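In the order they appear, the protein sequences are chains A, B, C and D.
The UniProt record's numbering puts the first residue of the first sequence at 1, with every later residue one more than the last.
The UniProt record's numbering puts the first residue of the second sequence at 1, with every later residue one more than the last.
The UniProt record's numbering puts the first residue of the third sequence at 1, with every later residue one more than the last.
The UniProt record's numbering puts the first residue of the fourth sequence at 1, with every later residue one more than the last.
Just so it is clear, CB atoms sit at the ideal spot from N, CA and C, and this is done for glycine as well.
Quick caveat, the model's predicted, so the values are computed rather than measured.
There are 4 protein chains.
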Amino acid sequence: MTDDANRLRVAIVGASGYTGAELVRLLVCHPAARVVALTADRKAGNTLDAVFPHLAGAGGEGALPPLVAVDNVDWEGIDIAFFGLPHGASQPVIAALPPQVKAIDLSPDFRFADPAVYSEWYGLPHQSPALQAEAVYGLTELMRDRVKAARIIACPGCYPTSSLLPLIPLVEAGLIEADEVIIDAKSGVSGAGRAAKEGSLYAEVAEGIHAYGVASHRHAPEIEQGLSLAAGRAIKVNFTPHLMPMNRGILSSIYVRLAKGASADDLRATLATRYQGEPFVKVLAAGTVPATRHVRGSNQCRIGVFADRLPGRAILLSVIDNLVKGASGQAVQNMNVVCGLPETMGLAQAPIFP
Amino acid sequence: MTDDANRLRVAIVGASGYTGAELVRLLVCHPAARVVALTADRKAGNTLDAVFPHLAGAGGEGALPPLVAVDNVDWEGIDIAFFGLPHGASQPVIAALPPQVKAIDLSPDFRFADPAVYSEWYGLPHQSPALQAEAVYGLTELMRDRVKAARIIACPGCYPTSSLLPLIPLVEAGLIEADEVIIDAKSGVSGAGRAAKEGSLYAEVAEGIHAYGVASHRHAPEIEQGLSLAAGRAIKVNFTPHLMPMNRGILSSIYVRLAKGASADDLRATLATRYQGEPFVKVLAAGTVPATRHVRGSNQCRIGVFADRLPGRAILLSVIDNLVKGASGQAVQNMNVVCGLPETMGLAQAPIFP
Amino acid sequence: MTDDANRLRVAIVGASGYTGAELVRLLVCHPAARVVALTADRKAGNTLDAVFPHLAGAGGEGALPPLVAVDNVDWEGIDIAFFGLPHGASQPVIAALPPQVKAIDLSPDFRFADPAVYSEWYGLPHQSPALQAEAVYGLTELMRDRVKAARIIACPGCYPTSSLLPLIPLVEAGLIEADEVIIDAKSGVSGAGRAAKEGSLYAEVAEGIHAYGVASHRHAPEIEQGLSLAAGRAIKVNFTPHLMPMNRGILSSIYVRLAKGASADDLRATLATRYQGEPFVKVLAAGTVPATRHVRGSNQCRIGVFADRLPGRAILLSVIDNLVKGASGQAVQNMNVVCGLPETMGLAQAPIFP
Amino acid sequence: MTDDANRLRVAIVGASGYTGAELVRLLVCHPAARVVALTADRKAGNTLDAVFPHLAGAGGEGALPPLVAVDNVDWEGIDIAFFGLPHGASQPVIAALPPQVKAIDLSPDFRFADPAVYSEWYGLPHQSPALQAEAVYGLTELMRDRVKAARIIACPGCYPTSSLLPLIPLVEAGLIEADEVIIDAKSGVSGAGRAAKEGSLYAEVAEGIHAYGVASHRHAPEIEQGLSLAAGRAIKVNFTPHLMPMNRGILSSIYVRLAKGASADDLRATLATRYQGEPFVKVLAAGTVPATRHVRGSNQCRIGVFADRLPGRAILLSVIDNLVKGASGQAVQNMNVVCGLPETMGLAQAPIFP
C-alpha cells in the first residue's frame with residue numbers, strides 16, 4: 001500500500017456513465033492511485049453516490065471528491081486522466097491538457113490511426129489530427145511496449161478487444177485466412193451506456209435477442225484496422241453484434257478459415273504460447289467452452305478454440321466483461337503499464353459468480 | 001366452432017414436459033380438437049394442473065382429463081396422438097398404435113430417413129426402421145403435400161426449423177454455396193426441457209451466455225439431412241448453438257457465401273416469393289431485423305436478409321418461438337394439414353410482447 | 001364468429017404504449033369486435049407494426065388501420081373507444097365524444113368519485129367533473145351491474161385490481177380489520193410504460209429489486225377509495241410497491257388482521273363463495289401458492305389465503321398479469337359486459353408458461 | 001500483505017456450493033489468509049475450477065489446493081475452518097476437530113441456543129448439544145465481543161441477517177412492538193443453493209415471483225430467537241419469503257408498529273447511532289430507498305426507514321447480498337474478528353453495478 005502522498009492523482013472525466021462508475025469501483029481499491037477529480041457536466045455539484053448509489057462510501061467515507069464540470073478541474077494536480085465521454089468530446093479536452101497529464105481515453109476519439117476513418121464512421125471531423133499520430137491503441141497485451149511510452153492511450157472498444165485478442169496472433173502467424181473472418185458477437189446491455197433510450201428498456205431487452213448494426217456497426221472498422229495491421233494488407237470482416245439480456249459480458253463467436261495445413265490445435269497452441277504468462281488472457285484447454293459469467297467483474301479474457309465440422313475451418317470463442325477488460329479494467333491496466341506499476345495492481349479480483 | 005362430438009379426439013403422450021404443456025395451451029383453444037387423453041408415466045394419477053399450475057381451468061373447468069400411464073390409454077377413442085417423449089421412447093409406442101391413429105412425434109425418433117444416422121447420433125438402434133420409411137418430416141411449409149397424406153409425422157427440431165426455413169429454398173434455387181453454411185444459433189432455456197439439471201438452473205443461465213455442443217450437437221445432422229436433400233449431394237454445416245437467458249425463442253444468425261452473381265437482394269426476393277401467402281413465415285423488408293421477442297407465443301418464423309461487408313456473402317437472420325413453431329405449434333399446424341382443417345386453426349394468436 | 005359488418009367498431013386512443021398494444025393483441029382475436037381506428041399523436045402516419053413489430057400481420061394482413069392523430073378520428077364510425085393515454089389527457093377527449101360512443105378509459109382520469117382526490121394526487125384539476133359522476137369504476141367482478149349500464153368506464157389501476165379483488169369481499173363481510181391492511185406489492189416493469197426513463201433501463205432493473213413510491217404511490221388512494229366504500233368509513237392502507245425484473249405480473253402480498261373469531265379458512269371460504277363461477281378469479285385450495293408466471297398473458301386473478309404465524313392474522317396472496325387483468329384484458333372484459341357479449345369472449349387464452 | 005508463512009491457514013469444508021465458491025472468491029484476495037484445504041466429498045479429486053470455472057487461476061495459478069474428501073483433511077495444519085455443508089453435516093465434523101481449529105459454520109447446525117428448536121425445525125436430533133452451549137451466533141455487529149472469544153461461530157442465515165440488523169436495536173430500545181413484526185422478504189435464487197431442483201430452473205424462476213414457505217420457513221424461528229432475546233420474552237413473527245429472478249440479493253420489507261410516542265424518525269436516528277462507524281451497515285438518509293443491486297458483491301447491509309401512511313406504523317427496508325453479508329462475507333468478517341485482524345480486511349470491495 002502506497003503512502004497517500006505518493007499515490008497517482010487520478011481524474012475521471014465523464015464519471016456519470018457506467019464506465020466511469022466502473023473506473024471508480026476499480027480505483028478505490030487500487031493501492032497506488034487516488035481519485036482526486038470526478039467530472040460530469042450535467043450532474044456537477046452532486047456527490048457521486050447521488051448518481052451511483054452503489055458507490056456510496058466506496059474507498060472509505062469521504063474518499064471521493066464531488067462531481068464538477070470538466071472546466072473546473074485543476075489539471076496541475078493530476079497525473080492521469082481517464083476519459084469516459086461520448087465520441088467527439090475527448091479530443092478538445094485532451095488537446096488542452098498540460099503536458100504532465102497522461103490521458104487514457106475510453107472513447108473512440110483516438111482509436112483510428114487514420115483520422116479519415118474516424119471521420120467517416122463517427123460523422124465528425126477529427127479535432128486533433130496532430131495528436132492522433134502520438135496516440136497509442138491500448139490493447140495492452142499486444143501493444144505493451146508502445147503503451148509504456150505513451151502520453152495518450154486510446155483504449156479499444158469492447159467488441160474489438162474480445163475479437164482482436166484471439167485474432168491478431170493468428171493472423172500474424174499466418175494460420176487463418178484474414179479475409180474471411182466472421183464475428184458473431186453477443187453483448188450485454190451496459191455496452192449501450194446509461195442513456196435513457198427505448199431500445200435499452202428492460203421490457204425491450206429482457207427475454208429476447210436480436211442483431212443490430214448489421215454490416216454497419218462502428219466497431220467493424222476498428223477490428224479491421226487491427227487485422228489489417230496484422231495482415232499487412234487491407235482486411236474487411238463480417239462483424240454482427242447482437243443485444244441480449246445481461247448486464248455485462250461479451251461473447252464473440254468467431255468463424256475462421258484455416259490456412260492450408262493448419263489445424264484448430266495449431267491455433268490453440270499458438271494462442272497458448274502467445275499468452276503464456278499473461279495474467280488476464282487465458283487460453284482454455286481443448287474441449288472447454290468459455291462463458292461470459294465466468295469472467296464477470298474481472299479483467300479476464302478467456303478463449304476457446306474448436307475444430308469445425310466444416311473441413312478447413314475452426315471456431316474461436318472469446319469472452320470478456322465489457323465494462324472491465326472491454327473498458328475500465330483495460331484502462332486501469334494501461335495506467336499501470338504507463339506508470340511503471342505492476343500490471344495486475346488493483347485488478348486481481350476474482351470473477352463474481354453467480 | 002365444431003360440435004363437441006365431431007371434434008378430433010386428441011391424445012398427448014408425455015404431457016408433463018414443456019412441449020406437452022404448450023400443446024395443451026394451444027389445443028384448449030382449438031375449435032376442432034378436444035384433448036381426451038394425457039399421459040405422464042411418473043405423474044400418472046395427478047391432474048395436469050398439479051404439474052402445470054398455469055393450466056388450471058384451461059379450456060373450462062373439467063375440460064382436461066387426468067394424467068394416466070401411456071399403457072392405460074384407450075387408443076380406440078383417439079384420432080390423433082402427439083408424442084412429447086424423450087428420444088427412443090416414441091418408436092415402440094407408435095409402432096403399436098391401431099391404424100386409425102395418426103401420430104405426430106415431437107421427438108427425434110422418426111426424423112432421420114436413414115436409421116443409421118439416428119442410431120449414430122442418438123446412441124440407440126432404431127426400433128421401427130420399417131415405419132421410418134413411411135414417416136414424413138413435418139417442416140410444414142416445405143413438405144405440405146407429403147404431410148397431408150402421412151400417418152406418422154416427425155416434427156423437426158427447433159434449431160432445424162429456424163435454419164431450414166430460410167436455407168432450403170436458397171439451396172434449391174442455387175443461390176448460396178451449400179457447403180459453407182455457418183449457423184450461429186441462440187436459444188432460450190426451455191429447449192433443454194424441464195429436467196432438473198445443474199446447467200439449466202437460473203443461477204447458471206441468467207446474466208450470461210455460452211456455446212455448447214460445439215461441432216457436436218444432434219441438430220447438426222438433422223440440418224444436414226435437409227440441406228443435402230435440397231442440394232442433391234451430401235452437405236455438412238457449421239452449427240454452433242448458444243444457451244442464453246430467455247425462456248422461449250431461437251435466433252439463428254446464418255452466414256452464407258453467395259453463388260456467383262447472386263446478391264442479398266436476390267436471396268430476399270426468392271424467399272419472399274417462396275413464402276408469399278404463407279401465414280406463419282414472414283420475410284422482412286430490407287433493413288428490418290427480426291427479434292425473438294416479436295414472435296414469442298406465436299407460430300411465426302420471421303426472416304431478415306442482409307448483405308455482408310465481406311464481398312460475395314450474405315447474412316440470414318431467422319427467429320421462432322422454440323416451443324411453438326419449433327415444437328408444439330408446428331405440430332398442431334401439421335395436425336391441421338393432415339386432418340384437412342384450415343392450417344391456421346387454433347394458431348392465430350398474436351405474439352405476446354413484452 | 002360474427003359477420004364483419006355486425007362487429008363492434010373499436011377505436012384505441014393511445015395505441016403506441018404497452019396497454020395499447022395489448023388491447024390490439026386481444027382484440028384481433030375477438031370474434032365480435034373490429035379495430036377501426038388507432039391513434040398515437042407523435043407516431044401518426046405510421047403503421048402500428050412500425051411501433052410494435054410483434055403486431056405485424058396481427059388479425060391478418062391489412063386488418064389494422066394506420067396510426068392517426070386523435071383529432072382525425074371519425075367518431076361517427078365508432079361504437080367503443082379505449083383510452084390508453086397519460087393521466088389528464090382522456091378527460092377532454094371523452095368529454096367531446098358523440099353520445100353513441102362508449103368510453104373505456106385505462107388511465108386514472110375517471111377513477112376517483114371525488115375529483116378533489118384526483119386533483120390532489122395527480123396534480124391537475126379535473127377537467128370533466130360533471131362526467132365523473134356518471135363514470136363507473138370497472139372492477140368487473142364487483143361492479144358488473146353498474147358496468148352494464150355505463151357509458152364511461154374507468155378501468156382500475158393494476159395494483160388496485162390485484163388488491164381489491166381479494167380485499168373488498170372480506171371487508172364487506174367484516175372478516176378483517178380494514179384499518180390495518182398492509183399491501184406489499186411486486187410489479188414487473190411494463191407497468192411503468194414504454195417511456196425512455198433511466199429507471200426503466202434493463203441495467204437498472206435486472207438482477208435486483210427495490211421499493212418505490214413508499215407511502216406516496218398514486219394507487220394508494222385508489223385502493224383506499226375501494227376499501228372505504230366497502231367498509232362504510234374512511235380507510236387508509238399501507239401500500240408499498242416494489243419494482244422487480246419481469247416484464248409482466250403483479251404479486252400483492254397482503255397482511256391482514258382478522259376480525260374477532262375469524263380464521264384464514266373463513267377468509268378463503270368467503271372468497272371462494274364470492275367468486276364461485278367467475279371465469280377470471282380463482283381462489284386456490286389451502287396450501288397452494290399463486291405465482292405470477294401462472295397467469296401471464298391471461299385475464300386471470302389467482303388468490304391464495306394463508307394463516308399467519310402471528311395469532312389473529314392472515315396472509316392473502318394475489319397475482320395478475322398487469323397488462324391483462326390489470327389493464328387491457330379487464331378493459332375488454334368491460335367492453336363485453338357493457339355490450340352484452342359473453343364476458344369471456346376473446347379472453348379465453350390460457351396463460352403462457354414458461 | 002502478510003508473509004505467506006504467517007498467514008492463517010484456512011480450510012473450506014463444502015467448497016462445491018455457492019457459499020463455498022464465494023468464500024474462495026473473498027479469501028484469495030485476503031492478505032492475511034491462505035486457503036490450504038478444500039473439501040467436497042462427491043467431487044473429491046477434482047480441481048476447484050472443474051466445479052467452478054470462474055475460479056480458474058484465482059489467487060494466482062496454483063494457489064488453490066485440489067478438492068479432497070473431508071476425512072482427508074490434515075487438521076493439524078489448519079487454523080480456521082469454514083463449513084458450507086447441508087444442515088446436520090457440520091455437527092459431527094466440528095465435534096471432532098482438534099482444539100486449535102476455530103470453526104465458522106455457515107449452516108444452521110449451531111444457530112439455535114435451544115437444541116430442541118433446531119430439532120423441531122430441521123427434523124434431526126442435535127448431535128452435539130454440549131458444543132451448542134459454547135457456539136456464538138455470529139451476527140457480527142451485534143455480537144462482536146462474543147465472537148472475539150468464540151471457538152465455534154454459527155453464521156446467521158441470510159434472511160435473519162437482513163432482518164435482525166434493523167430490528168434488534170429497535171426492539172432493544174423499545175421503539176417498536178416486537179409482537180407484530182411483519183417481514184416480507186424477497187430473495188435471489190442462489191439462496192436455494194446449487195442443487196438441481198425443478199423449482200430452481202431458469203424457466204421456473206425467470207419472469208415471475210411467488211411466495212414460498214409461507215408461515216413455515218426455517219428462518220422464522222431463527223429470527224424469532226433473535227427478537228426474543230432482544231425483547232426479553234418469547235416473540236413470534238410473520239416471515240414471508242418470496243423467490244424472484246435474480247442471482248444475488250435479499251430485500252426485507254419490514255412493517256412494524258411503533259411504540260407509543262415513537263416515530264419513524266426516531267427509528268432511523270436510533271439505527272444511525274447504533275451503526276455509527278460500522279463499516280458494513282449503512283442507515284440511509286430519510287427518503288432514500290435501498291436497492292439490492294447497490295450492495296451486490298459487497299458485505300454491506302443498507303437500511304432505509306420510512307413513515308407509514310397508517311398512523312403509528314413504520315416501514316424498514318433492508319438489503320444485503322445473500323452470498324456475502326448473508327453468508328460468506330459475514331463469515332470472513334467473523335474470521336477477522338476472532339483472529340484479531342482488522343474487521344474489513346479482504347472485504348473492502350465496492351459493490352458491482354450494473
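Residue-level contact to chain A via CB, residue i, 7 Å cutoff
i, result
"S190 (chain D)", "yes"
"Y137 (chain C)", "no"
Classification of residue i by the beta-carbon crowding that lies within 10 angstroms, buried from 16 upward
i, result
"Q132 (chain D)", "buried"
"A11 (chain A)", "buried"
"P290 (chain B)", "buried"
"P31 (chain D)", "exposed"
"G249 (chain A)", "buried"
For residue i, the three-state DSSP class (helix, strand or coil)
i, result
"V295 (chain A)", "coil"
"I235 (chain C)", "coil"
"L165 (chain D)", "helix"
"K197 (chain C)", "coil"
"Y212 (chain A)", "coil"
"L229 (chain C)", "helix"
"T47 (chain C)", "coil"
"M1 (chain B)", "In this prediction, M1 (chain B) scores a pLDDT of 49, lower than 50, which makes its location untrustworthy; no coordinate-derived value is stated."
"F52 (chain D)", "coil"
Any chain C beta carbon closer than 7 Å to residue i
i, result
"A350 (chain B)", "yes"
"N334 (chain A)", "no"
"R302 (chain D)", "no"
Any chain B beta carbon closer than 7 Å to residue i
i, result
"V28 (chain C)", "yes"
"V117 (chain A)", "no"
"V214 (chain D)", "no"
"L201 (chain D)", "yes"
"N238 (chain A)", "yes"
Close beta carbons around residue i, own chain, < 6 Å, minus the five adjacent residues each side
i, result
"K43 (chain A)", "S16, V51, L67"
"L124 (chain D)", "G88"
"L55 (chain B)", "V24, L48, D49"
"N299 (chain C)", "F280, V324, K325, G329, L347"
Cβ neighbours of residue i in the same chain (closer than 8 Å, five flanking residues each side left out)
i, result
"I176 (chain D)", "L167, L170, V256, R257, L258, A259, A262, L267, A314"
Min CB distance residue i to chain D below 7 Å
i, result
"A196 (chain B)", "yes"
"V205 (chain B)", "yes"
"A15 (chain B)", "no"
Residue i CB to nearest heavy atom of the ligand ADP below 6 Å
i, result
"L251 (chain D)", "This structure lacks the ligand ADP; in fact it carries no ligand of any kind."
According to DSSP, residues forming a beta bridge with residue i
i, result
"G304 (chain A)", "A:L317"
"Y137 (chain C)", "C:A154"
"S90 (chain C)", "In DSSP, S90 (chain C) forms no bridge with anything."
Close-in-space but distant-in-sequence residues of the same chain around residue i (CB under 7 Å, 5 per side omitted)
i, result
"V237 (chain B)", "V181, I183, A220, I223, E224, L227"
"residue 384 (chain A)", "Because chain A is modelled from 1 through 354, residue 384 (chain A) falls outside the range shown and cannot be assessed."
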